[in-house]
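**Q** The structure follows.
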Amino acid sequence: MSKEKLGFSKGDLGMMLVMMAIIAVVLLVGFVRAGEEIQELKAETLELELQIHDRDTVISAQEELLEAYRLQTDTTVHVLGQVAETLEALAYGPYTREEIQERIEVVAEVIAEINAALTPDDVSQISETLVLNAVAIDVDPMLLLSMAIVESHIRPNVRGGSGEYGMMQVMPGTGRWIAGRLGYENWQPADMFDVKMNTEFAAYYLWAVTKDMGGDTWDGVLAYNAGPTGGRNFIRAGNQAQDHWYVQRVMSTYNELRRG
241 MSKEKLGFSK GDLGMMLVMM AIIAVVLLVG FVRAGEEIQE LKAETLELEL QIHDRDTVIS
301 AQEELLEAYR LQTDTTVHVL GQVAETLEAL AYGPYTREEI QERIEVVAEV IAEINAALTP
361 DDVSQISETL VLNAVAIDVD PMLLLSMAIV ESHIRPNVRG GSGEYGMMQV MPGTGRWIAG
421 RLGYENWQPA DMFDVKMNTE FAAYYLWAVT KDMGGDTWDG VLAYNAGPTG GRNFIRAGNQ
481 AQDHWYVQRV MSTYNELRRG
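Residues in the sequence shown are numbered consecutively from 241, following my numbering.
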């Protein structure tokens, strides 16, 4: 069969070949472009996966940090709670905070009756100072109050006939010795007119002489007045602390206060 009978000329065949070549080129370009787009999509997908992984890693790390912080916070709170309980036990001894406050109020009532010249602020300061210092040396606050009544009738600014200072009548030499023990520099006897310092010094001295006398409270009260040497000499002479006039006055006041 001849080409003329099919109706195609050589020109037509050439044109068709050109068209087919163009189509092939277009398809090839399309395939190449599609392949590039697929590679780009793969790269973007991989990058997205990495971003998601990184985000998950960050979130996981944040969660771990938050959990660690929570655990540390819980531990810190627990430790601080234990520290607070320990400090409270050291500050208040065998008493609770409420019991301490009750004793301060009771002591304040007594002080206000004993010395009506004191202002409410004075009464509040003296009662709190007496109770806290008594607890610090492990004696009944009423005992320290009884000694303050016998010593000065709760008068913070009084001077004794032998040169004693303040509410619990601290001698200058005794005060200087205590100041050295407690680390007070440039101490002066007139500092004993300060209620807080005076009570602190008196309480410390009572604690020190009680220890020096062997730990008996009434022996300590005796030594507070007579000094450790005087107290020991009194007992060596065949007496008991309760035989001393000063101890008797303190004991009488103390028993009266306890009866209410």
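Using N, Cα and C, we set each Cβ at its ideal position, and we do this for glycine too.
Please confirm whether Tyr405 and Gly415 have their CB atoms less than 8 Å apart.
**A** Contact: yes.
**Q** From Thr450 to Gln341, what does the alpha carbon distance come to, in whole angstroms?
**A** Cα to Cα, Thr450 sits roughly 26 Å from Gln341.
**Q** Kindly indicate the opening and closing residues of the alpha helix (DSSP H) around Phe441.
**A** First-last of the alpha helix (DSSP H) with Phe441: 435 to 452.
**Q** Could you tell me whether the segment 349 to 356 touches the segment 381 to 397, where touching means 3 or more Cβ pairs closer than 8 Å?
**A** Counting Cβ pairs under 8 Å, three or more are found: they touch.
**Q** Classify Gly471: buried if its beta carbon has 16 or more other beta carbons within 10 angstroms, exposed otherwise.
**A** Looking at its Cβ environment, which holds 16 or more other Cβ atoms inside 10 Å, Gly471 is buried.
**Q** Does the segment 337 to 351 touch the segment 368 to 386, meaning 3 or more C-beta pairs lie closer than 8 Å?
**A** At 8 Å Cβ cutoff, the stretches touch.
**Q** Are Ala442 and Met408 touching if we call contact CB-CB under 8 Å?
**A** Yes, Cβ-Cβ distance for Ala442 and Met408 is below 8 Å.
**Q** Taking DSSP as the reference, what is the three-state secondary structure of Tyr405?
**A** Three-state DSSP puts Tyr405 in a strand.
**Q** Rounded to the nearest angstrom, what separates Ile366 and Thr439 at their Cα positions?
**A** In a straight line, the C-alpha of Ile366 is about 9 Å away from that of Thr439.
**Q** Just how far apart, CA to CA, sit Pro360 and Ile351?
**A** Their backbone Cα atoms lie some 10 Å apart in a straight line.
**Q** Distance, Cα to Cα, Thr316 vs Ala481?
**A** Only weak support exists for where Thr316 lies, its pLDDT of 44 falling under 50; the value from the coordinates is given anyway. Distance between the alpha carbons of Thr316 and Ala481 is about 51 Å.
**Q** Compare the C-alpha of Ser402 against each of Ala376, Tyr445, Gly454, Asn465 and name the closest.
**A** Among Ala376, Tyr445, Gly454, Asn465, the Cα nearest to that of Ser402 is on Asn465.
**Q** Indicate the three-state DSSP secondary structure (helix, strand or coil) for Arg399 in the structure shown.
**A** DSSP places Arg399 in strand when its eight states are reduced to three.
**Q** Here's a check: name, in chain order, each residue in its chain whose Cβ is nearer than 7 Å to the Cβ of Gly400, leaving out the five neighbours to either side.
**A** These residues qualify, in order along the chain: Gln409.
**Q** Could you give the C-beta distance for Leu422 and Tyr494, rounded to a whole number, given that I count them as a contact under 8 Å?
**A** Wrong, their Cβ atoms sit about 26 Å apart, outside the cutoff.
**Q** Helix, strand or coil for Val379 per DSSP?
**A** Looking at Val379 - three-state DSSP - the assignment turns out to be coil, as it is neither helix nor strand.
**Q** Can you tell me the Cβ-Cβ gap for Trp447 and Ile377, rounded? I've got them flagged as a contact below 8 Å.
**A** Right, the Cβ-Cβ distance comes to about 4 Å (below 8 Å), so this counts as a contact.
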